[in-house]
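Below: the structure, in structure tokens.
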Amino acid sequence: MIGTSRRNLKRRADTAGPTAGTGTVDAADIGRFARMADRWWDPDGPHGPLHRYVPARMAIIRDAARTVASDRKDQRRPMAGLSVLDIGCGGGLLSEPMTRLGATVTGVDADTAGIAAAVSHAAGVGLDIAYRAGAAEDLATEGRVFDMVVASEVIEHVADRDAFAEALAALVRPGGLLVLTTINRTRRSYAMAIVAAEYVLRWVPRGTHDWSKFPTPDELTGLLEQRGFAVETPIGLVYSAVSGSFSPSSDDRVNYALVARKV
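Quick note: the sequence shown, position 212, residue 376 per my numbering, numbers continuous.
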């Protein structure tokens with residue numbers, strides 16, 4: 165909260181926990197992100213595409229949150245009263261706006277350097293966010309449950325997709341929501357997310373993504389339905405070179421979002 169001291173904010177980060185090599189954590193991916201951790205909040209740096217992606221992702225998260233929030237009339241703080249887990253939070257690009265919208269946010273990431281960057285930035289802007297290093301299954305083992313779980317641009321990086329889905333199912337309370345965004349496995353996504361983004365435009369470092377690990381909407385829907393989720397129709401998220409931003413679309417051939425309710 166505004167006015168909280170930097171020392172108290174730093175106490176909100178629990179850096180204990182595994183950083184790689186066990187459960188759903190992919191050690192190679194964590195290493196790549198750790199090398200860029202000091203530039204999480206640089207909109208012109210390697211995380212620039214994620215900065216441009218934040219408004220579209222937040223629009224989906226905000227709209228979904230309104231369906232479970234206790235006070236649905238609060239337009240300025242539509243996430244007020246909700247406990248939210250941001251899995252793979254990185255430097256906090258989504259954790260911070262969700263906090264500003266009223267949510268009580270826990271951010272978890274296996275990259276300890278990214279968590280340090282998140283804690284530092286939150287302290288600088290006066291936001292109280294509970295950051296910790298670790299994996300989704302760590303919180304599931306502890307019996308933690310949340311009104312809403314967000315896993316944005318994460319599932320395509322995990323080492324064990326089934327184990328990750330099990331953790332997600334354990335972390336969302338009955339009636340709660342899960343919001344995922346990821347990249348589809350199509351010819352177009354290979355051209356756009358791999359060839360264009362990594363080699364031509366150089367938006368992200370080469371090797372950031374493995375096309376074979378991109379889940380299709382049908383695969384992801386099946387994975388979640390097997391674990392007690394009712395999954396809504398995928399929402400495509402399309403980038404416009406003219407506006408330099410993403411917007412919702414019926415075209416889910418590259419980026420897409422899934423909203424699922426725990427039955």
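The beta-carbon is built from N, C-alpha and C at its ideal position, and this holds for glycine as well.
Query raised in the report: Whose C-beta lies closer than 6 Å to the C-beta of H211 among residues of the same chain, with five residues either side of it excluded?
Result: Indexing the sequence shown from 1 puts residue 211 at position 47. Within the same chain, H211 has close Cβ partners W204.
Query raised in the report: Which whole runs of the alpha helix (DSSP H) in the region 344-395 are 4 residues long or more, in chain order?
Result: 381-389
Report task. Assess, as a yes-or-no matter, whether the region 286-296 is touched by the region 333-352 under the definition of 3 or more beta carbon pairs within less than 8 Å. Result -> no
Query raised in the report: Can you tell which of M222, E301, D238 and A233 has its C-alpha closest to the C-alpha of M262?
Result: By one-based count along the sequence shown, residue 262 stands at place 98. Among M222, E301, D238 and A233, the Cα nearest to that of M262 is on M222.
Requested in this report: Go through its chain and collect everything with a Cβ distance to G392's Cβ below 8 Å, but skip five positions before and after it.
Outcome: As a working mapping, residue 392 is identified with position 228 in the sequence shown. Counting only Cβ-Cβ distances below 8 Å, and skipping sequence neighbours, we find A333, K426 and V427.
Query raised in the report: Distance, Cα to Cα, M356 vs W375?
Result: Position 192 of the sequence shown, counting from 1, holds the residue named residue 356. Position 211 of the sequence shown, counting from 1, holds the residue named residue 375. The straight-line gap from Cα to Cα measures roughly 11 Å.
**Report entry** Contacts around P412, its chain only, beta-carbon distance under 6 Å, and the 5 residues preceding and following it disregarded
**Finding:** Your numbering for residue 412 matches position 248 in the sequence shown. The residues are I399.
Query raised in the report: How long is the line joining the alpha carbons of G408 and R325, rounded to whole angstroms?
Result: Reading the sequence shown from its first residue, position 244 is the one you call residue 408. Reading the sequence shown from its first residue, position 161 is the one you call residue 325. C-alpha separation (whole angstroms): 31 Å.
**Report entry** Three-state secondary structure assigned by DSSP to S413
**Finding:** Within the sequence shown, numbered from 1, the residue matching residue 413 stands at position 249. If DSSP states are grouped into helix, strand and coil, S413 belongs with the strands.
Query raised in the report: Can you tell me whether DSSP reads I225 as helix, strand or coil?
Result: Here residue 225 refers to the residue found at position 61 when the sequence shown is read from its first residue. Here I225 sits in helix by DSSP.
Query raised in the report: Does the Cβ-Cβ distance between V314 and D250 come in under 7 Å?
Result: Working through the sequence shown from its first residue, we reach residue 314 at position 150. Working through the sequence shown from its first residue, we reach residue 250 at position 86. Yes, the pair counts as a contact, with Cβ atoms nearer than the cut-off.
Query raised in the report: Do L122 and L257 have their CB atoms nearer than 7 Å?
Result: Limits of the chain in this structure are 165 at one end and 427 at the other, which puts residue 122 out of reach.
Query raised in the report: Are the CB atoms of S247 and T268 nearer to each other than 7 Å?
Result: Against the sequence shown, residue 247 aligns to sequence position 83. Against the sequence shown, residue 268 aligns to sequence position 104. Taking 7 Å as the Cβ cut-off, S247 and T268 qualify as a contacting pair.
Requested in this report: Closer than 7 Å by C-beta to F328: which residues in its own chain qualify, once you throw out the five before and the five after it? Chain order, please.
Outcome: Reading the sequence shown from its first residue, position 164 is the one you call residue 328. Contacts found: T188, A300, I319 and V322.
Query - Limits of the beta strand (DSSP E) - the one that T270 falls within - result: For the purposes of this step, residue 270 is identified with residue 106 of the sequence shown, where counting begins at 1. Looking at the DSSP string, the run of the beta strand (DSSP E) that includes T270 is T268 to D273.
Report task. Please name the residue in G290, V395 and Y420 whose C-alpha comes closest to that of L401. Result -> Walking along the sequence shown from the start, residue 401 turns up at place 237. The option with the nearest alpha carbon to L401 is Y420.
Report task. If I'm right that E383 touches V423 with Cβ under 8 Å, what's the distance once you round it to whole angstroms? Result -> Your numbering for residue 383 matches position 219 in the sequence shown. Your numbering for residue 423 matches position 259 in the sequence shown. That pair is no contact at about 17 Å.
Report task. Would you kindly work out how many angstroms separate the C-alpha atoms of F197 and A244, rounded to a whole number? Result -> As a position in the sequence shown, residue 197 is number 33, starting the count at 1. As a position in the sequence shown, residue 244 is number 80, starting the count at 1. Taking the straight line from one Cα to the other gives about 31 Å.
Query - Spatial distance of V364 from G252 (CA atoms) - result: Working through the sequence shown from its first residue, we reach residue 364 at position 200. Working through the sequence shown from its first residue, we reach residue 252 at position 88. V364 and G252: Cα-Cα distance of roughly 27 Å.
Query raised in the report: If you draw a straight line from the alpha carbon of D292 to that of G254, how long is it in whole angstroms?
Result: Position 128 of the sequence shown, counted from the first residue, corresponds to residue 292. Position 90 of the sequence shown, counted from the first residue, corresponds to residue 254. Cα to Cα, the separation comes out at about 16 Å.
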